[in-house]
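Below is one structure, written out as structure tokens; the observations come after it.
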Amino acid sequence: METILQPWPWYVGGPLIAITLFLYFYFGKNFGASTNFETLCTMSGAGKVSDYFKKDWKERDFAIFFVVGLVIGGFIASNFLIPNQEITLDSNTISELNELGFTRVAQQYFPTEIFGYQAITSVKGFLILIISGILIGFGTRYAGGCTSGHAITGLSSLQWPSLLAVIGFFIGGILATWFVIPLLFS
Amino acid sequence: MKNSRFLFLGIFFAIVLSKSQAISWYRFYEMFTFQSFHMFGIIGSAVVISAIFMQLFKREIVKDINGKVISPKKKKKGIFSTLFGGTLFGLGWGVSGACAAPIFVILGFQPIAALLLLLGALLGAFLYGIISKKLPQ
Numbered sequence: 000m001e002t003i004l005q006p007w008p009w010y011v012g013g014p015l016i017a018i019t020l021f022l023y024f025y026f027g028k029n030f031g032a033s034t035n036f037e038t039l040c041t042m043s044g045a046g047k048v049s050d051y052f053k054k055d056w057k058e059r060d061f062a063i064f065f066v067v068g069l070v071i072g073g074f075i076a077s078n079f080l081i082p083n084q085e086i087t088l089d090s091n092t093i094s095e096l097n098e099l100g101f102t103r104v105a106q107q108y109f110p111t112e113i114f115g116y117q118a119i120t121s122v123k124g125f126l127i128l129i130i131s132g133i134l135i136g137f138g139t140r141y142a143g144g145c146t147s148g149h150a151i152t153g154l155s156s157l158q159w160p161s162l163l164a165v166i167g168f169f170i171g172g173i174l175a176t177w178f179v180i181p182l183l184f185s
Numbered sequence: 000m001k002n003s004r005f006l007f008l009g010i011f012f013a014i015v016l017s018k019s020q021a022i023s024w025y026r027f028y029e030m031f032t033f034q035s036f037h038m039f040g041i042i043g044s045a046v047v048i049s050a051i052f053m054q055l056f057k058r059e060i061v062k063d064i065n066g067k068v069i070s071p072k073k074k075k076k077g078i079f080s081t082l083f084g085g086t087l088f089g090l091g092w093g094v095s096g097a098c099a100a101p102i103f104v105i106l107g108f109q110p111i112a113a114l115l116l117l118l119g120a121l122l123g124a125f126l127y128g129i130i131s132k133k134l135p136q
């Protein structure tokens with residue numbers, strides 16, 4: 000029990016992600032998460048607006064079960080398996096974030112400056128989350144996959160487009176961290 | 000019910016991502032500033048071990064539960080779309096610290112903020128669906 004309640008190091012997390020991929024394929028399906036955004040659009044009736052969404056979502060009903068599982072798992076983890084969300088961060092990271100005005104750095108998984116009630120009820124904070132979401136939804140569809148589909152599945156099956164996608168992910172991530180976040184919070 | 004195995008797999012995956020801190024905003028910030036090995040270790044070891052699994056699938060040493068050969072779908076090949084789409088995704092990922100699967104996991108941690116991210120992601124996918132034919136692929 001003690002081990003479960005401690006944070007898991009990378010060499011436990013990484014292999015368990017690989018086992019998830021293994022089981023996903025063993026159960027007969029392709030491992031990935033971003034197609035679900037499309038499926039949820041289809042389920043909400045997006046087919047009425049665009050032919051792109053005229054698909055039979057029942058073919059992907061397994062994925063809906065997976066998504067519901069993700070939410071339940073997140074709820075279980077946050078309420079029962081993580082007694083405190085403290086993270087041991089590099090000292091440079093902490094001082095950088097402090098300089099940008101982030102308080103209580105690494106005392107919980109999600110910074111209050113982005114995820115807290117005050118942040119999300121301000122126009123700026125609301126837009127940060129909605130626009131990030133749009134970029135995630137649009138970008139993964141345009142690139143044909145996300146971290147699970149490209150970075151894990153695509154790279155491990157040696158597909159060149161996935162390497163290109165991952166390079167794109169990092170270009171975007173670095174731009175966000177080095178330029179957008181300082182611009183938004185300084 | 001056949002699909003319930005995916006429900007349990009989702010619960011398992013969410014717990015793995017949560018316990019290894021791979022859903023934490025700070026871990027992605029650290030990764031993109033190259034100040035910690037943690038996320039590189041997670042993604043790197045996941046890819047290396049998955050690559051071994053992929054070889055087992057390819058050599059047909061492991062078949063799926065129905066006895067069929069496992070072969071991952073071929074990814075579409077457009078250079079511009081993968082690179083530029085990837086960069087757009089990376090921007091959203093870097094700012095919010097959330098990617099596709101974690102958005103659903105975060106619903107169990109920070110429901111309202113995650114709901115906004117999810118709403119945005121659905122809007123983004125919808126937008127792509129509408130204009131995809133006009134985009135360079």
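Chains A and B, in that order, give the protein sequences.
Quick note: the first sequence, position 100, residue 99 per numbering that gives the first Met the number 0, numbers continuous.
Quick note: the second sequence, position 27, residue 26 per numbering that gives the first Met the number 0, numbers continuous.
A virtual CB, placed ideally from N, CA and C, is assigned to each residue, including glycine.
Being a predicted model, the structure only gives us computed values, none of them experimental.
Applying a beta-carbon distance threshold of less than 7 Å, which residues of chain A neighbour residue i?
| i | result |
| --- | --- |
| residue 4/B | 26 |
Taking Cβ positions, are residue i and residue j nearer each other than 8 Å?
| i | j | result |
| --- | --- | --- |
| residue 12/A | residue 15/B | yes |
| residue 115/B | residue 74/A | no |
| residue 137/A | residue 87/B | yes |
| residue 148/A | residue 123/B | no |
| residue 6/B | residue 23/A | no |
| residue 165/A | residue 154/A | yes |
| residue 29/B | residue 19/A | no |
| residue 4/B | residue 26/A | yes |
| residue 76/B | residue 160/A | yes |
| residue 119/A | residue 128/A | yes |
| residue 46/A | residue 89/B | no |
| residue 40/A | residue 98/B | no |
Under 9 Å Cβ-Cβ, which residues of chain A neighbour residue i?
| i | result |
| --- | --- |
| residue 133/B | Going along chain A, no residue has its Cβ under 9 Å from residue 133/B, so there is no contact; the nearest lies around 12 Å. |
Are there 16 or more other CB atoms within 10 angstroms of the CB of residue i, so buried, or fewer, so exposed?
| i | result |
| --- | --- |
| residue 51/A | buried |
| residue 117/A | exposed |
| residue 100/A | exposed |
| residue 101/B | buried |
| residue 177/A | exposed |
| residue 79/A | exposed |
| residue 10/A | exposed |
So, under 8 Å CB-CB, residue i and residue j are touching, yes? Tell me the CB distance rounded to an integer number of Å.
| i | j | result |
| --- | --- | --- |
| residue 38/B | residue 13/B | With 8 Å as the limit, residue 38/B and residue 13/B do not qualify as a contact, their Cβ atoms being about 17 Å apart. |
| residue 29/A | residue 152/A | 7 Å |
| residue 55/B | residue 46/B | At roughly 15 Å, the Cβ-Cβ gap does not stay under 8 Å, so residue 55/B and residue 46/B are not in contact. |
| residue 84/B | residue 24/B | In fact, because the Cβ distance is near 23 Å, the residues do not count as touching under 8 Å. |
So residue i contacts chain B; which residues on that side make the cut at Cβ distance below 8 Å?
| i | result |
| --- | --- |
| residue 128/A | 95, 112, 115, 116 and 119 |
| residue 14/A | 44, 45 and 48 |
| residue 140/A | 84, 123, 124, 127, 128 and 131 |
| residue 187/A | Residue 187/A falls outside the range modelled here, since chain A spans only 0 to 185, and no answer is possible. |
| residue 234/A | A question about residue 234/A goes unanswered here, because the residues of chain A that appear run from 0 up to 185. |
Strictly below 7 Å CB to CB, what residues from chain B border residue i?
| i | result |
| --- | --- |
| residue 134/A | 87, 88, 90, 91 and 123 |
| residue 58/A | Result: empty, since nearest Cβ-Cβ is about 12 Å, beyond 7 Å. |
Taking residue i as the query, report the chain B residues whose CB atoms sit under 9 Å from its CB, ordered along the chain.
| i | result |
| --- | --- |
| residue 184/A | Chain B residues near residue 184/A: none, gap ~10 Å exceeds 9 Å. |
| residue 48/A | 125, 128 and 129 |
| residue 83/A | Those do not exist, as residue 83/A stays about 12 Å from chain B at its closest Cβ, beyond 9 Å. |
For residue i, return the contacting residues in chain C, with the cut-off set at a CB-CB distance below 7 Å.
| i | result |
| --- | --- |
| residue 39/A | Judged by its chain identifiers, the structure shown contains no chain C, and its protein chains are A and B. |
*Against chain A: residues of the segment 47–75 of chain B by CB proximity under 9 Å*: 47, 48, 49, 50, 51, 52, 53, 55, 56, 57, 61, 62, 63, 64, 65, 67, 69, 70, 71, 72, 73, 74 and 75
Going along the segment 69–80 of chain A in order, which residues come within less than 9 Å of chain B, judged by CB to CB distance? 69, 70, 71, 72, 73, 74, 75, 76, 77, 78 and 80
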